[in-house]
Every structure is written in structure tokens, then in C-alpha cells.
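Trainee: Structure provided below as C-alpha cells; questions to follow.
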Amino acid sequence: MDSKDRFQALDTDDGKDNTGQMVGVGIMSFILFLSTLVGLPVLPALAIELGAGPTGAAFVVSAALMTVVSVQFFAGVLADRYSKRRLILIGALMGAISSLLCVFANHWTQLAALRILGGIADAIAMPALLATTASLGKNTPGKFFGILRGSQGLSFVIGPALGAAFSLRSLRTPFFVDGVLSLIAFFVAMRLLAGTEKAKSEHNLRVFQSLRTTLSTPRFFLFLLMGISGLFGFGVLSCFIPIKSLLVGLEAWQIGLILTGGALSFSSVSFIIGTLSDKFGRRVFVIISQVIMVIGCTGLALHNTFSLLLIYYCIFCVGEATTFLLSFVYAAEIFSKENIGTSMGVFDSLMDLSLLIAPLLALSVHKVSGNIPLVIMLGSIPAVFTLVGLIFWLPREKTG
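Letter by letter, the sequence shown follows residues 9 to 408 in the numbering used here.
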């Protein structure tokens with residue numbers, strides 16, 4: 009392999025099977041996502057221990073996500089300006105440093121600043137990972153994006169559990185583990201992506217012209233709505249399912265099982281649907297996924313027992329995983345391959361805005377109505393609009 013970007017070269021090799029390399033990228037992505045989640049269970053308690061009030065603690069918890077959403081919009085340009093390998097390495101190293109420094113924070117504002125730095129690290133790495141997946145999975149995009157998103161979902165199962173376990177030693181131990189995991193991801197990426205240099209020899213304003221063309225494509229917004237329909241519902245349910253569970257008398261371990269069951273459903277469905285969509289087409293899966301999310305929200309709103317809440321939350325996550333995954337598969341096909349990092353960064357950032365808006369809107373509705381079932385049904389509204397849009401505007405496809 010010469011000094012050109014390995015994944016750029018792969019675009020010209022349609023017959024090559026890159027599954028093995030994508031599995032390696034999936035493992036690396038799993039470690040990166042895992043490291044960002046290990047510290048979540050202890051963040052509120054550590055922030056309060058370091059002098060934060062309720063508002064300050066909430067800011068510390070949300071600082072990384074808010075940073076990812078805002079920075080990733082622009083960070084995708086870096087994936088096109090420099091090699092994907094370089095961006096992934098920088099993101100992993102920054103994440104490791106920020107987490108290790110959290111061990112020594114002595115005021116909650118320092119902890120917040122370090123979480124912001126960690127968010128910047130994730131924002132730098134994510135568009136490069138998405139662009140890498142699109143390049144490797146040119147022939148089977150569903151399968152390859154399924155590997156990436158499945159590894160992400162699996163980290164949501166294991167990460168918080170690891171953080172909770174290490175918190176028994178101290179509130180700072182999870183951040184040490186977080187830093188070590190990010191360093192492991194750094195060395196894995198260094199080994200896996202060895203031999204890549206700059207992605208391009210020249211750079212100009214064409215990247216922004218390409219982005220403007222993409223944003224002027226009506227299908228871009230349809231695919232964006234597909235992803236938002238899942239993330240918006242998830243944002244509502246992740247906030248109010250624990251609250252409803254507590255109000256109906258469930259124990260903490262039961263709430264944990266409900267959330268874990270949803271994460272396992274997300275991960276497994278991403279692997280399965282990604283592969284099936286390459287074989288049977290995507291349209292039927294993404295349309296059915298909107299119906300599944302509405303069924304999931306309706307069941308969660310109407311029922312109060314542990315078993316039914318678990319079942320309906322898993323049902324919702326099946327629909328969420330499907331529409332979230334396939335939104336990226338569809339989008340990758342309309343993005344310019346030359347500037348796909350920029351397009352992916354903007355696409356993912358706009359989609360992630362719903363994770364910030366949904367809980368705020370749900371809290372406002374609950375404050376006015378005091379009706380939790382009504383709030384839970386709010387999470388299904390984007391799916392209803394998306395279903396109509398998909399039926400009328402999503403083209404039929406040929407299956408192979």
C-alpha cells in the first residue's frame with residue numbers, strides 16, 4: 009500500500025472483500041464507544057462531590073453530548089482534509105487524555121471542561137469512522153454499517169455496567185479505565201490503519217459546494233427524518249421510561265434490565281437487518297420500522313408491568329435500530345465519495361440534535377400535562393410523519 013489513503017483506494021476495488029477489515033474497525037469502534045460510556049454512571053455523584061449543584065451536575069452529564077452535536081457538524085471537513093486514520097488516532101488520544109485527567113479533577117468546572125474535551129475527541133473521530141465504513145462497504149453497505157452500529161449498541165450494554173462495577177472501588181476509577189480503553193483503541197487504530205497518509209494532495213472550497221449540493225437534495229431530508237424518528241423517540245423514552253418504572257413500583261435492577269434489553273435489541277438488530285437489507289432491499293424494512301416504533305411507544309404508554317415494559321421497550325428499539333441504521337446506508341449513496349466525511353459529519357450532527365431537543369420537549373409537555381403516557385406517545389410522532397413520507401417519496405428498489 010502506497011502513501012494514499014487505504015480506504016480511498018478501496019473505492020476503486022469493487023471486487024475486494026473488506027469484511028475482515030470492517031470487523032476490525034467494528035472492534036475498534038466498540039472500544040471507543042465503550043470508553044465514553046464507562047464514566048456515565050458516576051458523573052452526577054462525582055460532580056456533586058466536587059461542588060456542583062443540580063444544574064451543574066446536569067451540565068457535566070450532558071457536556072460531552074452537546075459538544076459532539078455542535079462540533080461534529082464541522083469536524084467532518086477534517087476527515088476529507090486529512091486521512092481518516094489520522095483523525096481516528098487524534099480522537100482516541102484526546103479521549104484518553106481527557107479521561108485520565110478526570111481522575112485528578114478537584115472542581116466540577118474542571119470535570120465539565122474535560123468532558124467537553126472528550127466530546128471534541130468523539131466529534132473528531134466519528135465522521136472518520138462513518139466515512140471509513142462507507143468506503144469499505146461500497147458493495148454491502150447495510151452489512152458494514154450494521155457492524156459499526158451493532159458494535160456501538162453493544163458498548164451501551166457493557167459500558168455503563170463496567171462503570172458501575174468499577175465505581176465500587178471509587179468514583180474516579182471508571183475514568184482511569186476509560187482512559188486505558190481509549191489508549192487501547194489508539195494502538196488498535198494505529199495497527200489496523202497502518203500505512204495511510206493524507207487523503208488528498210490538494211484541498212479547496214469544492215467540499216462546501218458538494219455539501220451545498222447534498223443539502224439541496226430532497227432525499228437528504230427524507231433520510232435525515234428516518235434517523236430522527238428513531239433518535240427522537242429514544243430521547244423521550246430514555247428520560248421517561250425510568251421515571252414511569254419508578255412510579256409503578258419497579259426496582260432499580262428491573263429498570264436496568266429494561267434498558268439493557270433495549271440496548272441488546274439495538275445491537276443485534278443492527279447486525280441482522282444490515283445484512284438482510286443488502287439482500288432483500290431496504291424500503292420494506294424502514295417502512296415497517298416506523299410501525300414498530302409506534303407499537304412500542306403505545307405499549308409502553310398503556311402498560312405498567314415489568315414484563316410488558318421490557319417487551320415493548322425492546323420492540324421500540326428494534327424499530328429504532330432499523331431506521332437509524334438504514335438512514336446512514338441510504339445517505340451514503342447520495343453523498344459525494346470525494347467529500348463523504350464532511351457530509352457524514354453534518355448528517356450525523358443534525359440527526360443528533362433530536363437527542364437534545366426530545367428530552368427538553370418531553371419535559372415541557374409533562375410539566376404542562378403531568379401525563380406520562382401522553383409524553384411517551386410524543387416519542388412516536390416523528391415515526392408517524394416519517395411513515396407517510398416514506399410511503400409516498402421513498403423510491404422502490406431492485407433487490408438482489
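Backbone N, C-alpha and C define an ideal beta-carbon position, used for all residues, glycine too.
Could you tell me the alpha carbon to alpha carbon distance between THR350 and LEU144, rounded to whole angstroms?
Mentor: Numbered from 1 along the sequence shown, position 342 holds the residue referred to as residue 350. Numbered from 1 along the sequence shown, position 136 holds the residue referred to as residue 144. Roughly 17 Å separates the two Cα atoms.
Trainee: With burial defined as no fewer than 16 other Cβ atoms inside 10 Å of the residue's Cβ, what is the status of TRP261: buried or exposed?
Mentor: The residue given as residue 261 occupies position 253 in the sequence shown. Exposed, by the Cβ-count rule.
Trainee: At a cut of 8 Å, does the stretch 229-241 reach the stretch 388-405 through at least three beta carbon pairs?
Mentor: They touch, by the three-pair rule.
Trainee: Using the three-state DSSP reduction, which class does SER388 fall into: helix, strand or coil?
Mentor: Along the sequence shown, one-based indexing puts residue 388 at 380. Looking at SER388 - three-state DSSP - the assignment turns out to be coil, as it is neither helix nor strand.
Trainee: Thinking C-beta only, is THR75 closer than 9 Å to GLY126?
Mentor: Counted from its first residue, the sequence shown places residue 126 at position 118. Counted from its first residue, the sequence shown places residue 75 at position 67. Yes.
Trainee: Go ahead and pull the three-state DSSP assignment for PRO381.
Mentor: To locate residue 381, count along the sequence shown from 1; it is residue 373. Three-state result, PRO381: helix.
Trainee: Provide the residue span of the alpha helix (DSSP H) that contains ARG180, from first to last.
Mentor: Here residue 180 corresponds to residue number 172 of the sequence shown, with the count starting at 1. Neither: ARG180 is in no alpha helix (DSSP H) and is coded neither H nor E.
Trainee: Once you ignore the five residues that flank CYS325 on each side, which residues in its own chain have a CB closer than 7 Å to its CB?
Mentor: By 1-based counting over the sequence shown, the position of residue 325 is 317. Closer than 7 Å at Cβ, skipping near neighbours: GLY270, SER273 and PHE274.
Trainee: Considering only residues of the stretch 20-53, which uninterrupted alpha helix (DSSP H) runs meet the minimum length of 4 residues and lie entirely inside it, listed in chain order?
Mentor: If we require 4 residues or more, the alpha helix (DSSP H) runs fully inside the stretch 20-53 come out as 27-46.
Trainee: Cα-Cα, which of ILE128, LEU318, PHE293 and ALA53 is closest to ILE399?
Mentor: Walking along the sequence shown from the start, residue 399 turns up at place 391. Of the candidates ILE128, LEU318, PHE293 and ALA53, the one whose C-alpha sits nearest the C-alpha of ILE399 is PHE293.
Trainee: I'd like the span of the alpha helix (DSSP H) that includes LYS287, first residue to last.
Mentor: Here residue 287 corresponds to residue number 279 of the sequence shown, with the count starting at 1. Element bounds for LYS287: 260-288.
Trainee: Can you find at least 3 beta carbon pairs, one from the stretch 289-308 and one from the stretch 110-117, that sit closer than 8 Å?
Mentor: Short answer: they don't touch.
Trainee: Since VAL33 and LEU200 should fall inside the 8 Å C-beta cutoff, what is the C-beta to C-beta distance between them, to a whole number of angstroms?
Mentor: If you number the sequence shown from 1, residue 33 lands on position 25. If you number the sequence shown from 1, residue 200 lands on position 192. With 8 Å as the limit, VAL33 and LEU200 qualify as a contact, their Cβ atoms being about 7 Å apart.
Trainee: Roughly how many whole angstroms lie between the Cα atoms of GLN80 and ILE132?
Mentor: Numbered from its first residue, the sequence shown carries residue 80 at position 72. Numbered from its first residue, the sequence shown carries residue 132 at position 124. Taking the straight line joining both Cα atoms gives about 7 Å.
Trainee: How close, in whole Å, do the beta carbons of ILE105 and ALA136 come, if the pair is a contact with beta carbons under 8 Å?
Mentor: Sequence index remark: in the sequence shown, residue 105 carries index 97 (1-based). Sequence index remark: in the sequence shown, residue 136 carries index 128 (1-based). Incorrect: roughly 18 Å between the Cβ atoms, too far for contact.
Trainee: Count the other CB atoms, across all protein chains shown, that sit within 10 Å of the CB of GLU210; report buried if there are 16 or more and exposed otherwise.
Mentor: What you label residue 210 is simply residue 202 of the sequence shown in a count that begins at 1. With a pLDDT of only 47 at GLU210, under the threshold of 50, the placement of this residue in the model should not be trusted; the figure read from the coordinates follows. Answer is exposed; the Cβ neighbour count stays below 16.
Trainee: Pull up the distance between the alpha-carbon of LEU284 and that of SER178, whole angstroms please.
Mentor: Numbered from its first residue, the sequence shown carries residue 284 at position 276. Numbered from its first residue, the sequence shown carries residue 178 at position 170. So the alpha carbons of these two residues sit roughly 44 Å apart.
Trainee: Any idea what DSSP makes of THR225, helix, strand or coil?
Mentor: For the purposes of this step, residue 225 is identified with residue 217 of the sequence shown, where counting begins at 1. Three-state DSSP puts THR225 in coil, outside helix and strand.
Trainee: For GLY257, report the span of its alpha helix (DSSP H) as first-last.
Mentor: Stepping through the sequence shown from its first residue, residue 257 is reached at position 249. Where GLY257 is concerned, there is no enclosing alpha helix (DSSP H), given that its DSSP letter is neither H nor E.
Trainee: Ordered along the chain, which non-local residues of its own chain (more than five positions away) have a Cβ less than 7 Å from that of LEU51?
Mentor: Locating residue 51 in the sequence shown gives position 43, where the first residue counts as 1. These residues qualify, in order along the chain: VAL68 and VAL69.
Trainee: One question on the structure: do LEU318 and ILE266 come within less than 9 Å of each other, judged by their Cβ atoms?
Mentor: In the sequence shown, counting from the first residue as 1, residue 318 sits at position 310. In the sequence shown, counting from the first residue as 1, residue 266 sits at position 258. It is a contact, given that the beta carbons lie within the stated cut-off.
Trainee: Given that a residue counts as buried once 16 or more other Cβ atoms are within 10 Å of its Cβ, and exposed if not, what is VAL256?
Mentor: Locating residue 256 in the sequence shown gives position 248, where the first residue counts as 1. Answer is exposed; the Cβ neighbour count stays below 16.
Trainee: Enumerate in chain order the residues of its own chain whose CB-to-CB distance from VAL46 is below 6 Å, with the five nearest sequence positions on each side excluded.
Mentor: Here residue 46 refers to the residue found at position 38 of the sequence shown. Closer than 6 Å at Cβ, skipping near neighbours: GLY167, LEU170, GLY171, PRO182, VAL185 and ASP186.
Trainee: For PHE112, is the classification buried or exposed, using 16 other Cβ atoms within 10 angstroms of its Cβ as the cut-off for buried?
Mentor: Counting from 1 along the sequence shown, the entry for residue 112 is found at position 104. By the 10 Å Cβ count, PHE112 comes out exposed.
Trainee: Alpha carbon to alpha carbon, how far is LYS345 from ILE380?
Mentor: Position 337 of the sequence shown holds residue 345. Position 372 of the sequence shown holds residue 380. Taking the straight line from one Cα to the other gives about 45 Å.
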